[in-house]
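Notes to accompany the following structure.
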Amino acid sequence: MPIWCQERCRLSSRPNLCHRACGTCCARCNCVPPGTYGNYDKCKCYASLTTHGGRRKCP
Numbered sequence: 004m005p006i007w008c009q010e011r012c013r014l015s016s017r018p019n020l021c022h023r024a025c026g027t028c029c030a031r032c033n034c035v036p037p038g039t040y041g042n043y044d045k046c047k048c049y050a051s052l053t054t055h056g057g058r059r060k061c062p
């Protein structure tokens, strides 16, 4: 798992789910926004991935 996902999911209430989703998004986009929340403008691909329900896939 990328170290960026460890930082991104550090404060998550569901760390296993967060790490899995972040890892998938990181593999597709080759980037993870900085910090534990938000900052989607730093990685547009990461922000654009959505679930079938239209919600953000990436934490």
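Reading the sequence shown from the start, the letters are residues 4 to 62 in this note's numbering.
Glycine residues also receive a C-beta, built at the ideal position from the N, C-alpha and C atoms.
Beta-bridge pairing by DSSP links residue 59 to 53. Membership of residue 27 in the alpha helix (DSSP H) is indicated by the continuous run 18-32. Each of 32, 57 and 21 was checked against the Cα of residue 47, and the nearest Cα belongs to 32. Between residue 40 and residue 50 a beta carbon distance of about 13 Å is seen, past the 8 Å cut, so the two are scored as non-contacting. A distance below 7 Å separates the beta carbons of residue 25 and residue 12.
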